[in-house]
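Before any comments, here is the structure.
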Amino acid sequence: MRKITFLLLLFINTSIYAQQEIDTLSFNLEQYQKTMDSIDNSFNYGYGKIILGDNLAELNVPEGFKFLDGIQAQRVLTDLWGNPPSTSLGMLLPEDMTPMHDNFTYAVEIIYSEEGYIDDDDADDIDYSDLLLEMQNDAVAENEERVRLGYPEIEIVGWASEPYYDAENKKLHWAKELKFEDTEVNTLNYNIRILGRKGYLNLNAIGDINILDTFNKDRENILKSVEFTSGNRYSDFNPDIDEVAAYGIGSLVAGKILAKAGFFAVILKFWKFIAIGAVGMFGAFKKKLFGGGNDKDA
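Residue numbers (our numbering): 95 to 392.
Here's what the structure looks like:
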């Protein structure tokens, strides 16, 4: 009941889900499955070559995956999964996975952060053991604010995959193992950053820690699938007109532990209860999804 109460508070606080208590004892399983199927069938997936943003980057959807465009990805993340509103370029899902799948594994959200050209001169000088300790201490300090906002405490257990920087292709990736209070299975937060002329592409995957081997098998294909377009690449940087970010590779890895990823992870931890809640709010989602026609892709 504690988990149900927590999610209902989350629904109310974000104004996403129906403002009423869900009676799980009398819940209609047939209606549940019908609604889940209706939501899953409402999406249009993309394959092959996809242009991200305003000709910012190009995605070649890897074999075994499918793509949701920015508008649909935002609706999944915000309307269905309860994350704060954001601007997404899209989302990659394994071919056999859907946003409301009963046995959801992971998805990869793609966003862009235009924070300037990131100088990578410090990449070879970073002590990732020291950096991990710093991040763990920061997480402890940030837990007080998380609890105040009504979210569970989080512990950074350690690296699930130590940071690796591909200097030739300007791609950085690492994974953290996270532990949410009152949960038995730890969370995997896998991060990929692709550096560009004016910022970076952020590919963020979250699932239970037991999907690490699965993601590692998919990682290389995902890494190779996304590239900045000509004029937006790291090599296109012009020091005379382009801004330089105020941080380097080390700070990019450290980041703020759970700005948005934390919400994503919380949602996955309470997946079954959220799926039940989604039944009550599908009418509003359907109206938003199919109503109007003025939305433009991210």
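From the three backbone atoms N, C-alpha and C, an ideal C-beta is built for every residue, glycine too.
Item: Exposed unless 16 or more other CB atoms sit within 10 angstroms - verdict on Glu-228; Value: exposed
Item: Local Cβ density within 10 Å of Leu-272, reported as buried at 16 or more and exposed below that; Value: buried
Item: Boundaries (first-last residue) of the alpha helix (DSSP H) holding Asn-237; Value: 222-242
Item: Leu-183 versus Gly-140, Ser-132, Asp-216, residue with shortest Cα-Cα distance; Value: Gly-140
Item: Cβ-based burial, Asn-326 [other Cβ within 10 Å; buried from 16]; Value: buried
Item: Exposure of Glu-321, with buried meaning 16 or more beta-carbon neighbours within 10 Å; Value: buried
Item: Residue from Asp-213, Ala-340, Thr-323 whose Cα sits closest to the Cα of Ile-144; Value: Thr-323
Item: Beta-carbon proximity of Gly-210 to Ala-339, cut-off 8 Å; Value: yes
Item: Cβ of Leu-317 within 8 Å of any chain B Cβ; Value: Among the chains in the structure shown there is no chain B, since it carries only a single protein chain.
Item: Opening and closing residue of the alpha helix (DSSP H) in which Val-347 lies; Value: 343-348
Item: Asp-163, buried or exposed, once every other Cβ within 10 Å from all chains shown has been counted against 16; Value: buried
Item: C-alpha distance - Lys-363 paired with Thr-277, whole-angstrom precision; Value: Legend: pLDDT at Lys-363 = 46, less than 50; position of this residue unreliable, value from coordinates given subsequently. Going by the C-alpha atoms only, they are around 8 Å apart.
Item: Exposure of Gly-301, with buried meaning 16 or more beta-carbon neighbours within 10 Å; Value: buried
Item: Cβ neighbours of Gly-344 in the same chain (closer than 7 Å, five flanking residues each side left out); Value: Asp-216, Ile-220, Leu-225
Item: Inter-stretch contact (C-beta, 8 Å, three-pair minimum) for the stretch 183-193 and the stretch 157-173; Value: yes
Item: Candidates Ser-319, Leu-297, Lys-264, Phe-309: closest to Gly-342 by CA position; Value: Lys-264
Item: Nearest residue (CA-CA) to Asn-310, options Ala-167, Asp-334, Leu-282; Value: Leu-282
Item: Contacts around Leu-297, its chain only, beta-carbon distance under 6 Å, and the 5 residues preceding and following it disregarded; Value: Val-202, Ile-204, Ile-286
Item: Three-state secondary structure (DSSP) of Glu-249; Value: strand
Item: Length-filtered (3 minimum) beta strand (DSSP E) runs lying within the stretch 265-296; Value: 265-274, 281-289
Item: Burial state of Val-241 (16 or more Cβ within 10 Å); Value: exposed
Item: Reduced DSSP category for Glu-208 - H, G, I as helix; E, B as strand; rest coil; Value: coil
Item: Close Cβ partners of Glu-256 (< 6 Å) along its chain, the five nearest in sequence each way excluded; Value: Tyr-222
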